[in-house]
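Report on the following structure.
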Amino acid sequence: MTFHLPDINSLTDDALHAILDKARFYAEGNNDKSLNDKIIFNIFMEDSTRTRMSFEVAAKRLGAEVINFTAKTSSLNKNESHADTFATLNAYHPDAVVLRSAEYNAPRFAMTMFDCPVINAGDSFRAHPTQALLDALTLQNHFGDVTGKTIAICGDIAHSRVARSAYDVFDRLGMNVHIIAPELLMPKASEFEKARRFTDMDSGLKNIDAVMMLRIQKERMTEGVIGTDIDFFIEYGLTQDRLKICYPDAVVLHPGPMNRGVEIADDVADDPYKSLILKQVENGVPIRMAVLDYAVTR
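Okay, structure coming up:
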């Protein structure tokens, strides 16, 4: 049966832990070149730096060839349908497809069009499973067992695929989750069901082991403006003073891209003891190596 990764909830517990374990194997500098002679299609319908580059590096480290598809220079700009585009690409018989799209549930549609594994590299505001997996790996590498640890996810929760997938994986690993945002940027009540909700930043940061900051995704907003960037930073920006509200050994994450001076202060983002942001970037490669290996070779 073909393995697909549209979201975290599509993973069994065995698959989740197998991927995290294999990622640790790759992060230690090991490699088995398991994808020699395989071809991976990177299909990116949205701009990306970290996700696209790390998937490409991951595939090449495993020995695969990578072909990058960019929507802006494709026949989609000549009004070809997504279905016809996917059917055309499937005719070239890739061994796996990595898909990033602004369309909600695009990976699940792609799963019906391709005869190979489809891995979601982010769709709409719905899901970004490999980002969540690398966040989990980063926290596990730092803390060891994360069971019982509490993380605060702060910022634009309503429009964040990262937050949704992060919540799913953190909950699966036994973590407690706080979500902190102004009312306008809070998700629906039916989402993040076990998370504690806070509209006051200082209240939400009490007894926290890790803080994940998110940027305001203005490109996804359909509602009114929430105020100026300076206003947001005053109310919800993560500063060194606010970081002191957390536990003394609390760490900071951010999936990027960062808007410095809006959701996070420079001296927090660059803190050599507290910030795990570059560790997240680094862990993108072993996680995506593990996902590609699991998808293609099982």
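Residue numbers (this note's numbering): 1 to 298. No residue lacks a Cβ here, since even glycine has one placed at the ideal position from N, Cα and C.
What is the DSSP secondary structure of residue i, reduced to helix, strand or coil?
i      : result
Arg172 : helix
Ser101 : strand
His159 : coil
Asn30  : coil
Phe192 : coil
Val66  : strand
Arg164 : helix
Leu5   : strand
Ala71  : helix
Ile287 : helix
His128 : coil
Ile19  : helix
Ala96  : strand
Phe25  : helix
Ala181 : coil
Thr222 : Unreliable positioning characterises Thr222 in this predicted model, as indicated by a pLDDT of 46, which lies under 50. A coordinate reading is not provided.
Could you spell out the range, first to last residue, of the beta strand (DSSP E) harbouring residue i?
i      : result
Asp145 : Premise fails: Asp145 is in no beta strand (DSSP E) and is neither H nor E.
Arg298 : It is not in any beta strand (DSSP E) - Arg298 carries neither H nor E in the DSSP assignment.
Met212 : 210-213
Glu235 : Premise fails: Glu235 lies in the alpha helix (DSSP H), 229-236, not in any beta strand (DSSP E).
Gly119 : Note that residue 119 corresponds to Ile in the displayed sequence, not to Gly. Counting along the chain, the beta strand (DSSP E) containing Ile119 begins and ends at 118-123.
Asn42  : 39-44
Can the beta-carbon of residue i be found less than 8 Å from the beta-carbon of residue j?
i      : j      : result
Ala152 : Ile208 : yes
Leu99  : Ser160 : no
Asp156 : Leu185 : yes
Pro129 : Val118 : no
Arg50  : Gly284 : yes
Met81  : Leu62  : Residue identity differs from the one stated: residue 81 is Ser in this sequence, not Met. Not closer than 8 Å, so no.
Pro257 : Ala27  : no
Cys246 : Met201 : no
Leu134 : Gln280 : yes
Val177 : Ala136 : no
Thr85  : Leu76  : yes
Met175 : Lys149 : yes
His142 : Val252 : no
Leu276 : Thr138 : yes
His164 : Ile179 : First, the amino acid is wrong: residue 164 is Arg here, not His. Cβ distance not < 8 Å, so Arg164 and Ile179 don't count as in contact.
Pro187 : Thr199 : no
Leu205 : Arg242 : yes
Taking the continuous alpha helix (DSSP H) assigned at residue i, which residues delimit it?
i      : result
Ala54  : Note that residue 54 corresponds to Ser in the displayed sequence, not to Ala. 50-61 is the extent of the alpha helix (DSSP H) around Ser54.
Leu243 : 240-243
Arg108 : 106-111
Leu276 : Careful: Leu276 lies outside any alpha helix (DSSP H) and carries neither H nor E.
Leu253 : First-last for Leu253: 251-253, but that is the beta strand (DSSP E), not the alpha helix (DSSP H).
Phe86  : 82-90
Asp266 : 266-269
Ser203 : 201-204
Just mark residue i as buried or exposed, buried being the case when its beta carbon has 16 or more other beta carbons within 10 Å.
i      : result
Leu278 : exposed
Ala83  : exposed
Lys72  : exposed
Ser101 : buried
Asp95  : buried
Ala298 : The amino acid at residue 298 is misidentified as Ala; the sequence shows Arg. Its Cβ having fewer than 16 others within 10 Å, Arg298 is exposed.
Met212 : buried
Leu93  : The sequence shown places His at residue 93, rather than the Leu named in the question. Burial call: exposed.
Ile234 : exposed
Asn359 : Since the displayed the chain opens at 1 and closes at 298, residue 359 lies outside it and no answer follows.
Met1   : exposed
Lys38  : buried
Lys194 : exposed
Tyr167 : buried
Asp115 : exposed
Leu11  : buried
What do you reckon, is the C-beta of residue i under 7 Å from a heavy atom of the ligand ADP?
i      : result
Gln140 : In the structure on display, the ligand ADP does not appear, and there are no ligands present to speak of.
### Query
Are three or more beta carbon pairs between the segment 41-52 and the segment 62-69 nearer than 8 Å?
yes
### Query
If you pair each beta-carbon of the segment 287-297 with each one of the segment 58-65, do three or more pairs fall below 8 Å?
yes
### Message
Pairs of beta-carbons, one from the segment 268-281 and one from the segment 229-244, closer than 8 Å: are there three or more?
### Response
yes
### Query
Taking one C-beta from the segment 129-145 and one from the segment 6-17 each time, how about it: are there three or more such pairs within less than 8 Å?
yes
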